[in-house]
Amino acid sequence: MKPVLLAYYDNAPFGVSLLEDKFEVINLWEVTSPAPLIEANRDRVTTILCSMMHDMNADVIKSFPNLKMIATYSVGYDHIDIKAAQECGVKVSNTPDVLNAETADTGMALLLATAKRIVENDKFLRAGKWLEGYLPCGTSLADKTIGIVGLGGIGKKVAKRCEAFEMNVVYHGRSKQDVAYTYYDDLKAMALECDFLMLTCPGGATTQNLINAEILQALGENGMLINIARGSVVDEPALIKALNEGIIKGAGLDVFADEPNVPEALMAMDNVVLLPHIGSATTETRSKMGQLVIDNILAHFDGKELLTEVKI
Ligand code: DGY
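Residues 0 to 311 (numbering that gives the first Met the number 0) make up the sequence shown, in order.
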């Protein structure tokens with residue numbers, strides 16, 4: 000009897016069919032009520048394929064007595080209790096690096112769209128309002144300062160792109176790195192100097208609500224916030240207040256505190272650009288991520304080292 004692989008997520012475009020030689024694959028994403036299927040197979044599940052939408056907390060992990068591996072179709076792993084996984088002898092893999100450029104491009108798209116009021120102007124034109132005049136002008140990127148919060152793989156790609164846009168790049172993170180950009184160990188001090196903040200740090204307990212009312216106040220009335228990290232990094236009610244009261248000028252958001260639920264207050268604002276967490280969502284990049292998920296699962300099945308194991 001083959002071990003069971005529970006696929007919470009469609010690993011498109013590389014279907015989990017590639018794993019069917021070795022596993023009995025149960026595609027939970029195909030059924031409307033997955034609970035009975037999970038119960039019926041709980042003891043035989045050795046592998047879980049999930050994405051950032053699936054909460055793999057300690058209780059979930061412990062409820063599968065023979066679980067050996069969780070492969071997530073995302074670079075972020077804040078939805079997985081890594082400590083609990085390690086205690087249970089469960090290996091975890093993610094999809095780093097292959098999505099860095101893509102996610103940075105999404106950040107740049109949000110930066111440009113927010114600064115240059117692209118979505119607002121599109122709506123304006125479609126509503127036939129051009130005949131009446133123009134919206135107020137946008138904001139330049141060139142010669143402005145952008146503060147990158149979390150200069151990891153994605154942050155570095157953002158930095159490179161911002162240099163091409165003739166921006167002054169500075170950064171905040173856990174430690175100073177060997178890069179040409181100015182480092183701030185104090186986030187508030189950096190925000191005071193910035194026209195834009197771009198969040199590219201991991202989610203989770205250490206960055207929870209890092210961007211709070213005080214940081215938004217420091218960013219200031221002409222400042223804009225771009226978030227391609229995790230919704231949890233921003234105190235969302237504080238952000239809504241800051242946008243409503245003109246404490247900051249605008250925001251471009253790919254991620255939210257309670258996805259896929261987006262606060263009505265944000266939906267109603269013209270000075271924000273909202274995306275449904277599509278940071279890495281192109282056919283090319285999703286293919287690379289899907290291949291990496293499959294390669295990790297097969298490596299584990301063959302008793303080899305994982306290609307991209309999450310270790311803390
Ligand atoms: C991930 O893979 O964790 C990112 O959210 C991509 O957008």
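Just so it is clear, CB atoms sit at the ideal spot from N, CA and C, and this is done for glycine as well.
Contact test: residue i Cβ vs the ligand DGY heavy atom, cutoff 6 Å
i    : result
S73  : yes
G278 : yes
T199 : no
M52  : no
T281 : no
T102 : yes
Bridge-paired residues (DSSP) for residue i
i    : result
Y170 : I147, Y182
D257 : N260
T71  : C49
G249 : M223
E315 : With the chain running from 0 to 311 in the structure shown, residue 315 is simply not present.
I210 : V233
V44  : V3
Whether residue i touches residue j by CB criterion (7 Å)
i    : j    : result
V309 : I81  : yes
A228 : C200 : yes
L215 : V148 : no
L265 : I247 : no
A103 : K156 : yes
E101 : T284 : yes
M189 : V168 : no
Y7   : L27  : yes
T71  : L4   : no
D269 : E119 : yes
K90  : L305 : yes
R160 : M107 : yes
D77  : G202 : yes
V232 : L209 : yes
I277 : G251 : no
G249 : T113 : yes
F300 : K1   : no
F13  : Q290 : yes
G152 : N99  : yes
I60  : A39  : no
K115 : G88  : no
L196 : G146 : yes
T307 : P95  : yes
L109 : F123 : no
Y183 : K175 : no
M166 : L130 : no
F255 : G230 : yes
L18  : V24  : yes
Residue interval of the beta strand (DSSP E) (run including residue i)
i    : result
F123 : That residue, F123, is in no beta strand (DSSP E); its alpha helix (DSSP H) goes 117-125.
S92  : 90-92
E23  : 23-26
L4   : 3-6
L273 : 271-273
Start and end residues, alpha helix (DSSP H) containing residue i
i    : result
V157 : 152-163
A39  : 34-40
E235 : 235-243
M197 : Looking at the DSSP string, M197 is not in any alpha helix (DSSP H); the run it does join, the beta strand (DSSP E), is 195-198.
E86  : 81-86
I311 : Neither: I311 is in no alpha helix (DSSP H) and is coded neither H nor E.
T102 : 99-114
I60  : 57-61
Neighbour flag for residue i against chain D, beta carbons, 7 Å
i    : result
G203 : Any reference to chain D falls outside this structure, which holds one protein chain only.
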